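The letter at position 16 of the sequence shown is residue 16 when you use my numbering, and the numbering goes up by one with no holes. Positions of the beta carbon are idealized from the N, C-alpha and C atoms, including for glycine. Model, not experiment: these values are computed from the prediction.
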Amino acid sequence: MSSHKPIKKAVFPVAGLGTRFLPATKAIPKELLPIVDRPLIQYAVDEAREAGIEQMIFVTGRGKTAIVEHFDVAYELEDTMAERGKDMSVLESTRATPGDIITVRQQVPMGLGHAIWCARAIVGDEPFAIFLPDELMIGHKGGSGCMKQMVDAYEAVGGNLISVLEVPMEEVSSYGVIEPGASEGALTEVRGLVEKPPVADAPSNKIVSGRYILQPEVMRVLENQGKGAGGEIQLTDAMAKMIGSQPFHAVTFDGNRYDCGSKTGFVEATLALALEREDMGAEVRSIAERLLKQA
């Protein structure tokens, strides 16, 4: 049995305006844009559930109520489907246990660190996970998702963990990068964090992706933290201050990451997941091959 407090809460920062996807996001939250037939936020919540997380905390802003409604019961829709004999199982993953969806508002856009701090009263003194829904993390076929891999590692080492991926060295200047210590399998000790370093100064090619497990002390660090890069309160700065005082590890994710915060990443994710579907993969492959020949 693990002596570490279990991870039962997850924070989802979903207050962003999604300006890179305008005009699609003028009235629809970016997190509800679908990859094939499931919205981005659904993939993240399903990943959390797989990892044993029970309480979903959405840090929202104005115009984001549709995210919560997605996980509510749609009486008119379900009644109509039932009357017509439609299969209701397609809605199963959109249902939440009453009380397990909680929202807090981030009234001022002051960065990721500030968004996480807004959830401090609900997190309390419990360790918690963080999901950035823009980062779509898909485990290899038959394997577990990113957060499940992280929770398994957490049960062994405790402390704080971040998900990382290895990229070509010439790409590191676009990401947060870890300064690695001892490594064993997928687990690497984190000695430092560097935000978007020049290639020549990068301490490794392991970039931080959008999954975290943090101890509640990070909230106390964020409480008194000043603004960092971009004039915002940065989560990376708070985590860097905790290195050395608590165990800090990185888990190299065994799976695929899609940057759905960019249009090309969104298209890549849609195509990749569609190709894996038994109900449409062959047809999508045929369409893609035909379009490539015409290009």
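Quiz item: Does the pairing of the region 41–48 with the region 107–125 give three or more beta-carbon distances under 8 Å?
Solution: Contact between the region 41–48 and the region 107–125 is absent, because fewer than three Cβ pairs lie under 8 Å.
Practice problem: Tell me whether Val14 is buried or exposed, calling it buried when 16 or more other Cβ atoms sit within 10 Å of its Cβ. | Solution: Numbered from its first residue, the sequence shown carries residue 14 at position 14. That one is buried.
Quiz prompt | Exposure of Gln107, with buried meaning 16 or more beta-carbon neighbours within 10 Å | solution = Within the sequence shown, residue 107 is the residue found at index 107, counting from 1. By the Cβ-count criterion, Gln107 is exposed, with fewer than 16 other Cβ atoms from all chains shown falling within 10 Å of its own Cβ.
Quiz item: Rounded to a whole number of angstroms, what is the C-alpha to C-alpha distance between Asp237 and Glu69?
Solution: Within the sequence shown, residue 237 is the residue found at index 237, counting from 1. Within the sequence shown, residue 69 is the residue found at index 69, counting from 1. The straight-line gap from Cα to Cα measures roughly 33 Å.
Quiz item: Is it a yes or a no for the region 267–280 touching the region 239–254, going by three-plus beta-carbon pairs under 8 Å?
Solution: No, the region 267–280 is not in contact with the region 239–254.
Quiz item: Under a three-way DSSP split, which group does Ala48 fall into?
Solution: Taking the first residue of the sequence shown as 1, we reach residue 48 at position 48. Ala48 carries a helical assignment under DSSP once its states are collapsed to helix, strand and coil.
Quiz item: Among Tyr154, Leu292, Ala10 and Gly113, which has the Cα closest to the Cα of Phe58?
Solution: As a working note, residue 58 is residue 58 in the sequence shown. Of the candidates Tyr154, Leu292, Ala10 and Gly113, the one whose C-alpha sits nearest the C-alpha of Phe58 is Ala10.
Exercise. Evaluate Pro34 with the Cβ neighbour count: other Cβ atoms within 10 Å of its Cβ, from every protein chain shown; 16 or more gives buried, anything less gives exposed.
Key: Taking the sequence shown and counting its residues from 1, the one referred to as residue 34 is at position 34. The residue is exposed, with fewer than 16 neighbouring Cβ atoms inside 10 Å.
Quiz item: Along the chain, where does the beta strand (DSSP E) that runs through Val199 open and close?
Solution: Here residue 199 corresponds to residue number 199 of the sequence shown, with the count starting at 1. Counted as a single uninterrupted DSSP element, the stretch harbouring Val199 is not any beta strand (DSSP E), since DSSP gives it neither H nor E.
Practice problem: Tell me whether Ser245 sits in a helix, a strand or coil according to DSSP, three-state version. | Solution: Here the question's residue 245 lines up with position 245 in the sequence shown. It is coil, neither helix nor strand.
Self-check item: For Gly297, the three-state DSSP class (helix, strand or coil)
Solution: Coverage of the chain is limited to positions 1 through 295, which leaves residue 297 absent and any answer about it impossible.
Exercise. To the nearest angstrom, report how far apart Val221 and Lys241 are at their CA atoms.
Key: For the purposes of this step, residue 221 is taken as residue 221 along the sequence shown, with counting starting at 1. For the purposes of this step, residue 241 is taken as residue 241 along the sequence shown, with counting starting at 1. So the alpha carbons of these two residues sit roughly 8 Å apart.
Practice problem: For the region 147–163 and the region 196–203, state whether three or more C-beta atom pairs, one from each stretch, are separated by less than 8 Å. | Solution: Contact check between the region 147–163 and the region 196–203: fewer than three CB pairs, one atom from each, fall below 8 Å, which does not count as touching.
Quiz item: With burial defined as no fewer than 16 other Cβ atoms inside 10 Å of the residue's Cβ, what is the status of Thr97: buried or exposed?
Solution: Residue 97 sits at position 97 when you count from the first residue of the sequence shown. Here Thr97 is exposed. Its C-beta has fewer than 16 other C-beta atoms within 10 Å.
Self-check item: Beta-carbon proximity list for Val151, same chain, < 6 Å, skipping 5 on both sides
Solution: To locate residue 151, count along the sequence shown from 1; it is residue 151. Excluding positions up to five away in sequence, the list reads Ile7 and Ala51.
Quiz item: Going by the CB atoms, is the gap between Ala24 and Ile63 shorter than 9 Å?
Solution: Position 63 of the sequence shown, counted from the start, is the residue given in the question as residue 63. Position 24 of the sequence shown, counted from the start, is the residue given in the question as residue 24. First, the residue type needs correcting, since residue 63 is Gly and not Ile in the sequence shown. Between Gly63 and Ala24, the CB-CB gap reaches or exceeds 9 Å.
Exercise. Go ahead and label Met169 buried or exposed: buried means 16 or more other beta carbons lie within 10 angstroms of its beta carbon, across all protein chains shown.
Key: As a working mapping, residue 169 is identified with position 169 in the sequence shown. In the assembly as shown, Met169 is an exposed residue. Its beta-carbon has fewer than 16 other beta-carbons within 10 Å.
Quiz item: For Ile138, which residues of its own chain have a beta-carbon under 6 Å away from its beta-carbon, when the five flanking residues on both sides are left out?
Solution: Start at 1 with the first residue of the sequence shown, and residue 138 comes out as number 138. Here the set comprises Gly255 and Asn256.
Quiz item: For Thr60, which residues does DSSP report across the bridge?
Solution: For the purposes of this step, residue 60 is identified with residue 60 of the sequence shown, where counting begins at 1. DSSP, once it has assigned bridges, lists Arg105 as partnering Thr60.
Quiz item: Would the beta-carbon of Ile130 fall within 9 Å of that of Ile243?
Solution: Walking along the sequence shown from the start, residue 130 turns up at place 130. Walking along the sequence shown from the start, residue 243 turns up at place 243. Cβ distance not < 9 Å, so Ile130 and Ile243 don't count as in contact.
Quiz item: Roughly how many angstroms lie between the CA atoms of Thr60 and Asp100, to the nearest whole one?
Solution: Taking the sequence shown and counting its residues from 1, one reaches residue 60 at position 60. Taking the sequence shown and counting its residues from 1, one reaches residue 100 at position 100. Rounded to the nearest whole angstrom, the C-alpha separation of Thr60 and Asp100 is 16 Å.
Exercise. Take Met1 and list the residues in its own chain whose beta-carbon comes closer than 8 Å to its own, dropping the five residues that flank it on each side.
Key: Taking the sequence shown and counting its residues from 1, the one referred to as residue 1 is at position 1. Bear in mind that the predicted position of Met1 carries a pLDDT of just 47, short of 50, making it unreliable; the figure below should be weighed with that in mind. Excluding its 5 nearest sequence neighbours in each direction, Met1 has no C-beta neighbour in its own chain below 8 Å.
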